[in-house]
Every structure is written in C-alpha cells, then in structure tokens.
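Trainee: Encoded as structure tokens, here's the structure I'll be asking about.
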Amino acid sequence: MDMSEYTKLLNEASINNTEKFKSVSLERPKSRGRPVKHYPLLWKEKELETAVRKILPIEIADSICPKGSRLANLYGLPKTHKPQLAMRPILSPTELTTSS
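This is how it looks when you write it as structure tokens:
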C-alpha cells in the first residue's frame with residue numbers, strides 16, 4: 001500500500017467522518033511560538049490546573065495536575081478481514097493525562 005492510498009483510506013475512516021470529528025480553523029495567532037490559548041484542550045487544562053492550585057495544598061496539587069500533555073497521534077491499521085480495503089483509525093494519546 002502506497003502513502004497516497006493509505007492517506008485516502010485513513011481520511012475516509014476518520015477525518016472525513018463528521019460524526020466523530022469536527023473541523024477547526026487552521027489559522028493560528030501570529031506569534032513566535034504556539035501559545036497555550038491556540039489549543040483549546042491545553043487552555044482548558046491550564047484553567048483546571050489554576051483552579052486546583054487555588055483549592056488544594058501545593059503538594060497534593062503537584063501530584064494530581066497534568067504535566068506536559070501533547071496532542072494525540074492519528075494513524076490507521078488495515079482491516080485485513082474485509083474483502084474491500086478499509087482502515088481502522090487509531091488515536092494514540094501518548095503522554096496525555098489519561099495514559100499511564
């Protein structure tokens with residue numbers, strides 16, 4: 001399977017499925033780096049951390065607050081048992097608050 005076919009099948013199975021994904025604006029604020037407010041998930045994470053640090057003691061807040069989250073990776077695995085070639089989309093959340 002070549003790269004263009006892989007990309008086409010993965011798009012059909014995941015990104016083009018509007019029930020599971022919604023499109024977001026590709027425009028980002030003009031700045032030298034990527035500010036936290038550019039990514040809504042990281043912005044919410046920062047708001048949650050601020051609220052937790054106001055309520056709990058520092059030692060407890062440090063142990064439960066997420067540190068260094070990254071955006072998940074999307075890749076696909078071919079469905080070999082299907083007669084027509086198809087992909088199973090996998091969203092890999094490495095170093096997220098839900099992964100161990």
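The sequence shown: position 19 = 19 (the UniProt record's numbering), numbered continuously. C-beta: ideal position from N, C-alpha, C; glycine also. Keep in mind it's a predicted model, so treat the numbers as computed, not measured.
What residue does the beta strand (DSSP E) around Pro83 start on, and which one ends it?
Mentor: Neither: Pro83 is in no beta strand (DSSP E) and is coded neither H nor E.
Trainee: Taking 8 Å as the threshold, find out whether the segment 10-23 comes into contact with the segment 80-88 through three or more Cβ pairs.
Mentor: yes
Trainee: Since residue 185 sits in a beta bridge, which residues does DSSP pair it with?
Mentor: Since the first residue shown for the chain is 1 and the last is 100, residue 185 is missing from the structure and cannot be characterised.
Trainee: Taking the Cβ atom as the reference point for each residue, do Ala72 and Pro93 lie within a distance shorter than 7 Å?
Mentor: yes
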